[in-house]
Amino acid sequence: MIRRHFLGISLGGAALALGAMEARADDCSGTSIESLTDPRALHKVTVSFVANEKKWRAIWTDGKSRQETLLTGPGDHAHLVLAVPYDTPRFALVDTGAGHHLDGRVRIYEPNGKLVRSLGLKDLMTKKELDQVVQSKSHVQWLSGKPTLGRGGRTLELPLVGGRNITVSVADSTL
Numbered sequence: 002m003i004r005r006h007f008l009g010i011s012l013g014g015a016a017l018a019l020g021a022m023e024a025r026a027d028d029c030s031g032t033s034i035e036s037l038t039d040p041r042a043l044h045k046v047t048v049s050f051v052a053n054e055k056k057w058r059a060i061w062t063d064g065k066s067r068q069e070t071l072l073t074g075p076g077d078h079a080h081l082v083l084a085v086p087y088d089t090p091r092f093a094l095v096d097t098g099a100g101h102h103l104d105g106r107v108r109i110y111e112p113n114g115k116l117v118r119s120l121g122l123k124d125l126m127t128k129k130e131l132d133q134v135v136q137s138k139s140h141v142q143w144l145s146g147k148p149t150l151g152r153g154g155r156t157l158e159l160p161l162v163g164g165r166n167i168t169v170s171v172a173d174s175t176l
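In the working numbering, the protein residues as written are 2 to 176.
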């Protein structure tokens, strides 16, 4: 369960609960994307937000062919990390904390934009780790740092708030 903070006031021995207070206050509703591409990758992927369609566009190219598509998944409030390993044509998007949704935090796509696998926090974290997730007005903090490429640029490494790192293979969509 996601941790929320509660405020109570004691009035002559009786406690009055005022309800849930978010751990942090913010009003972010924008989009951002960072690229994490292995320099040896034989293909290039760019992802950008198309404001008038409220969707994300991916352009995949390997120098010979080009595929452009609108992606299913990320919404119009998303802070994404694009992961492009060198040994697979697939790519991944990590939603690092925008919104309150627990599902779809890591999405793996084929070059044509077909969603191969979507991983939520319950897929990635233990119950104890889920209890350490902090929620604000517009974000969920489930990572303790930035995602990286690991194992020689072959995997996606995610540092979880509980202190554990989890490895996601973009090539075969496994943990």
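Here a beta-carbon is modelled for each residue, glycine too, at the ideal position from N, C-alpha and C. Please read all numbers here as calculations on a predicted model, not as lab measurements.
**Message:** Our contact map puts R165 next to E130 with C-beta atoms below 8 Å; I'd like the distance itself, whole angstroms only.
**Reply:** Indeed, because the Cβ distance is near 7 Å, the residues count as touching under 8 Å.
**Asked** Looking only at DSSP bridge pairs, what is W57 linked to?
**Response** F50, L72
**Prompt:** Where in the segment 80-138 do unbroken runs of the beta strand (DSSP E), each at least 3 residues long, occur, reported from the N-terminal end onward?
**Reply:** 92-96, 107-110, 116-120
**Prompt:** Around the C-beta of L176, are 16 or more other C-beta atoms found within 10 angstroms, so that it is buried, or is it exposed?
**Reply:** exposed
**Asked** Can you pull the DSSP bridge partners for P160?
**Response** Checking the DSSP bridge columns, you'll see P160 partnered with N166.
**Three-state secondary structure assigned by DSSP to H140** = strand
**Prompt:** Where does R25 land, buried or exposed, given buried means 16+ other C-beta within 10 angstroms?
**Reply:** Bear in mind that a pLDDT of 48 at R25, under 50, signals an unreliable position, so the number given afterwards is only what the model happens to contain. Under this definition R25 is an exposed residue.
**Prompt:** Between V134 and L120, is the Cβ-Cβ spacing less than 8 Å?
**Reply:** no
**Prompt:** DSSP beta-bridge partners for K45?
**Reply:** T62
**Message:** A172 and G114 - do their beta-carbons sit closer together than 8 Å?
**Reply:** no
**As assigned by DSSP and simplified to three states, the class of S11** = Residue placement at S11 is poorly supported in this model, since its pLDDT is 33, which falls under 50; the coordinates are not used for a value here.
**Item:** Given R67 as reference, the closest of S145, P112, L159, L125 once Cα atoms are compared
**Value:** P112
**Beta-carbon proximity list for H78, same chain, < 8 Å, skipping 5 on both sides** = C29, S30, G31, T32, A99, G100, S139
**Asked** In chain order, what residues of the same chain have a beta carbon less than 6 Å from the beta carbon of S170, not counting five sequence neighbours either side?
**Response** T156
**Prompt:** Is A93 closer than 8 Å to L1 when the C-beta atoms are compared?
**Reply:** The first residue shown for the chain is 2 and the last is 176, placing residue 1 beyond what the model contains.
**Request:** Answer with buried or exposed for T168, where buried requires no fewer than 16 other C-beta atoms within 10 angstroms of its C-beta.
**Result:** exposed
**Item:** Sequence-distant residues of the same chain with beta carbon closer than 7 Å to G105, five excluded per side
**Value:** G74, D96, S119, G121
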